[in-house]
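In terms of my numbering, the sequence shown opens at residue -10 and continues consecutively.
Backbone N, C-alpha and C fix where the C-beta goes; we use that ideal spot for every residue, glycine too.
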Amino acid sequence: MTMVHVLVIGDTSWPEFWPCVRLLSDLGGVRLRRRPSLAAVADSRGEHDLVLILQRYPGEHRPGDLERLRCRLPLARFAVVLGSWCEGEGRSGQPLPGVLRFYWHQWLSAAEEQLRLFHEGKNRAWNLPPTATDEDLVLAESEAAAAVWGRQAEGRDSKTDAPGLLVISRDYAVFEWLRGAAELWKMKPRWSRDGAGFRALPAGTAAVVIDVERDERPRPRRIGLRQAGGTGRAMVPVVFLIGFPRLHERERLLRAGATAVLSKPCTLGDLERVIVPRFRDDAASPKETRDGAT
-10 MTMVHVLVIG DTSWPEFWPC VRLLSDLGGV RLRRRPSLAA VADSRGEHDL
40 VLILQRYPGE HRPGDLERLR CRLPLARFAV VLGSWCEGEG RSGQPLPGVL
90 RFYWHQWLSA AEEQLRLFHE GKNRAWNLPP TATDEDLVLA ESEAAAAVWG
140 RQAEGRDSKT DAPGLLVISR DYAVFEWLRG AAELWKMKPR WSRDGAGFRA
190 LPAGTAAVVI DVERDERPRP RRIGLRQAGG TGRAMVPVVF LIGFPRLHER
240 ERLLRAGATA VLSKPCTLGD LERVIVPRFR DDAASPKETR DGAT
């Protein structure tokens, strides 16, 4: 199997970045090369499919160094992983041009699937030219997601015993958004303003999504809901949605038993990868998918 050669540039010891790099190290089919700064490799050559730039704060890397490296590696795809200090850079800073942008928590959610598709030549967004706009990227990702959901829906019916999706949110608009996704996934959505009143999950619940408001701290006690998944089956996945999550929040919730912590807004593709394979008997595991199973 061919390897995906990834050049990682930046401080890999930064707390928000080391899990991002560890994720790459744990993936099969990925070969890493690390360099401390963009300036140190601006004039280098090599065989690289992806250049991953780690940016701790706005202005850490100079656009001129990026352009020199891009001239040296014209066929490589460039992406930047942003730390929390870069929040708002798009409004008040000077973002690096022509790169795919991920906040650290977005990279943790999407990297494995994005790299798999990139390796297979099926990543429509990553195959766009560097001059592609944000609208072009969103459209390409939406088209790819629609194709996947369409294949998953084939051969499935809308029986009344469809797996349930419980959405816990004080904002009804969040439920409206997820209700449309649930219809694509052939799930039955249910809304609750506060899940604290549940002693057990409603019958048929296959997944729980908890929306955390800005004035609300994540409450790990709610994760006790997943213990009601029933015997003889996998625990019900519980996903937290948090606006700009912090590393300590994510680690605390995962230790408490959360299946995933996603940023808000997140892509439906990231949420679908957490939820849908858990209740679909015919869903391929991540390892099976990487190994080429269909």
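For this session: Would you mind giving the Cβ-Cβ distance between residue 72 and residue 44, rounded to the nearest angstrom? I have them listed as a contact below 8 Å.
Result: By one-based count along the sequence shown, residue 72 stands at place 83. By one-based count along the sequence shown, residue 44 stands at place 55. About 7 Å separates the beta carbon of residue 72 from that of residue 44, a gap short enough to meet the 8 Å contact definition.
Exercise. Which residues does DSSP pair with residue 194 in a beta bridge?
Worked result: To locate residue 194, count along the sequence shown from 1; it is residue 205. Beta-bridge pairing links residue 194 to 153.
For this session: Evaluate residue 189 with the Cβ neighbour count: other Cβ atoms within 10 Å of its Cβ, from every protein chain shown; 16 or more gives buried, anything less gives exposed.
Result: Stepping through the sequence shown from its first residue, residue 189 is reached at position 200. Burial state of residue 189 is exposed, judged by a 10 Å Cβ sphere holding fewer than 16 other Cβ atoms.
For this session: Keeping to the same chain, check which residues put their C-beta closer than 8 Å to that of residue 163; ignore five residues upstream and five downstream.
Result: By 1-based counting over the sequence shown, the position of residue 163 is 174. In the same chain as residue 163, and ignoring 5 residues on each side of it, the C-beta atoms closer than 8 Å to its own belong to 156, 200 and 230, in chain order.
For this session: Taking 8 Å as the threshold, find out whether the segment 86 to 105 comes into contact with the segment 51 to 70 through three or more Cβ pairs.
Result: With the cut-off at 8 Å, the segment 86 to 105 and the segment 51 to 70 touch.
For this session: Identify whether residue 159 lies in helix, strand or coil by the three-state DSSP scheme.
Result: Taking the first residue of the sequence shown as 1, we reach residue 159 at position 170. Coil.
For this session: Since I believe residue 263 is in contact with residue 248 (beta carbons under 8 Å), could you give me their beta-carbon distance rounded to a whole number of angstroms?
Result: Reading the sequence shown from its first residue, position 259 is the one you call residue 248. Reading the sequence shown from its first residue, position 274 is the one you call residue 263. Going by Cβ atoms, the distance from residue 248 to residue 263 rounds to 6 Å, so yes, they are a contact pair.
Problem set entry | Closest Cα partner of residue 315 within the set 85, 11, 22 and 79 | Because the chain is modelled from -10 through 283, residue 315 falls outside the range shown and cannot be assessed.
Problem set entry | Residue ranges of each beta strand (DSSP E) within the segment 83 to 125, 3 or longer | Taking 3 residues as the minimum length, the beta strand (DSSP E) runs contained wholly in the segment 83 to 125 are 89 to 92, in order along the chain.
Exercise. What are the start and end residues of the alpha helix (DSSP H) that includes residue 65?
Worked result: Looking up residue 65 in the sequence shown gives position 76. The continuous stretches of alpha helix (DSSP H) do not include residue 65, and DSSP gives it neither H nor E.
For this session: Just grab the DSSP bridge partners of residue 229 for me.
Result: Numbered from 1 along the sequence shown, position 240 holds the residue referred to as residue 229. For residue 229, which the question treats as bridged, DSSP gives the partners 199 and 250.
For this session: Spatial neighbours of residue 170 within its chain, please: CB distance less than 6 Å, with the 5 preceding and 5 following residues excluded, ordered by chain position.
Result: In the sequence shown, residue 170 corresponds to position 181, counting from 1. Non-local beta-carbon contacts of residue 170 in its own chain, meaning distances under 6 Å to residues more than five positions away in sequence, involve 257 in chain order.
Problem set entry | Close beta carbons around residue 106, own chain, < 6 Å, minus the five adjacent residues each side | In the sequence shown, counting from the first residue as 1, residue 106 sits at position 117. 112, listed in sequence order.
Problem set entry | CA nearest to the CA of residue 202, picked from 240, 253 and 194 | If you number the sequence shown from 1, residue 202 lands on position 213. Comparing Cα-Cα distances from residue 202 to each of 240, 253 and 194, the minimum goes to 253.
Problem set entry | Euclidean distance between Cα positions of residue 122 and residue 192 | Along the sequence shown, one-based indexing puts residue 122 at 133. Along the sequence shown, one-based indexing puts residue 192 at 203. One C-alpha to the other measures close to 44 Å.
For this session: Whole angstroms is fine: what's the gap from residue 237's alpha carbon to residue 8's?
Result: Locating residue 237 in the sequence shown gives position 248, where the first residue counts as 1. Locating residue 8 in the sequence shown gives position 19, where the first residue counts as 1. Each residue's alpha carbon lies about 12 Å from the other.
Exercise. Does the beta carbon of residue 49 come closer than 8 Å to any beta carbon on chain B?
Worked result: Protein chains in the displayed structure number just one, and chain B is not present.
For this session: Please name the residue in 235, 79, 260 and 28 whose C-alpha comes closest to that of residue 5.
Result: Residue 5 sits at position 16 when you count from the first residue of the sequence shown. Among 235, 79, 260 and 28, the Cα nearest to that of residue 5 is on 235.
Exercise. At what residues does the alpha helix (DSSP H) containing residue 43 begin and finish?
Worked result: For the purposes of this step, residue 43 is identified with residue 54 of the sequence shown, where counting begins at 1. Careful: residue 43 lies outside any alpha helix (DSSP H), inside the beta strand (DSSP E) at 39 to 44.
For this session: Assign residue 76 to one of two classes, buried (16 or more other C-beta atoms within 10 Å of its C-beta) or exposed (fewer than that).
Result: Position 87 of the sequence shown, counted from the first residue, corresponds to residue 76. Result: exposed.
Exercise. To the nearest angstrom, how far is it from the Cα of residue 10 to the Cα of residue 1?
Worked result: Locating residue 10 in the sequence shown gives position 21, counting from the first residue. Locating residue 1 in the sequence shown gives position 12, counting from the first residue. Here the C-alpha atom of residue 10 lies approximately 7 Å from the C-alpha atom of residue 1.
For this session: Alpha carbon to alpha carbon, how far is residue 25 from residue 118? Give it in angstroms, no decimals.
Result: Translated into positions along the sequence shown, residue 118 becomes position 129. Translated into positions along the sequence shown, residue 25 becomes position 36. The alpha-carbon of residue 118 is positioned some 26 Å away from that of residue 25.
Exercise. Can you tell me whether DSSP reads residue 344 as helix, strand or coil?
Worked result: This structure leaves residue 344 out entirely; the chain is present only between -10 and 283.
For this session: Could you say which of 165, 182, 172 and 102 lies nearest to residue 159 if we only look at CA atoms?
Result: Residue mapping note: residue 159 aligns to position 170 of the sequence shown, counting from 1. The shortest Cα separation from residue 159 among 165, 182, 172 and 102 belongs to 182.
Exercise. So, helix, strand or coil for residue -6, using DSSP?
Worked result: Numbered from 1 along the sequence shown, position 5 holds the residue referred to as residue -6. Looking at residue -6 - three-state DSSP - the assignment turns out to be strand.
Exercise. Quick one: is residue 317 buried, meaning 16 or more other Cβ sit within 10 Å of its Cβ, or exposed?
Worked result: Since the first residue shown for the chain is -10 and the last is 283, residue 317 is missing from the structure and cannot be characterised.
Exercise. Once you ignore the five residues that flank residue 74 on each side, which residues in its own chain have a CB closer than 8 Å to its CB?
Worked result: Residue numbering aside, residue 74 sits at position 85 when the sequence shown is read from its first letter. Once the five neighbours on either side are set aside, the close Cβ partners of residue 74 are 45, 46 and 47.
Exercise. In whole angstroms, what is the alpha-carbon distance linking residue 108 and residue 232?
Worked result: Here residue 108 corresponds to residue number 119 of the sequence shown, with the count starting at 1. Here residue 232 corresponds to residue number 243 of the sequence shown, with the count starting at 1. Near 30 Å, if we compare the C-alpha coordinates of residue 232 and residue 108.
Exercise. Near residue 161, which residues of its chain fall below 8 Å by C-beta distance, leaving aside the five closest residues on each side in sequence?
Worked result: Numbered from its first residue, the sequence shown carries residue 161 at position 172. 180.
Exercise. What do you get for residue 15, buried or exposed, if any count of 16 or more other CB atoms within 10 angstroms of its CB means buried?
Worked result: Translated into the one-based positions of the sequence shown, residue 15 becomes position 26. Around the beta carbon of residue 15, fewer than 16 other beta carbons lie within 10 angstroms, which makes this residue exposed.
For this session: With a 10 Å radius around its C-beta and 16 neighbouring C-beta atoms as the bar for buried, classify residue 63 as buried or exposed.
Result: Taking the first residue of the sequence shown as position 1, residue 63 is located at position 74. Burial check for residue 63: the Cβ neighbour count within 10 Å stays below 16, so the residue is exposed.
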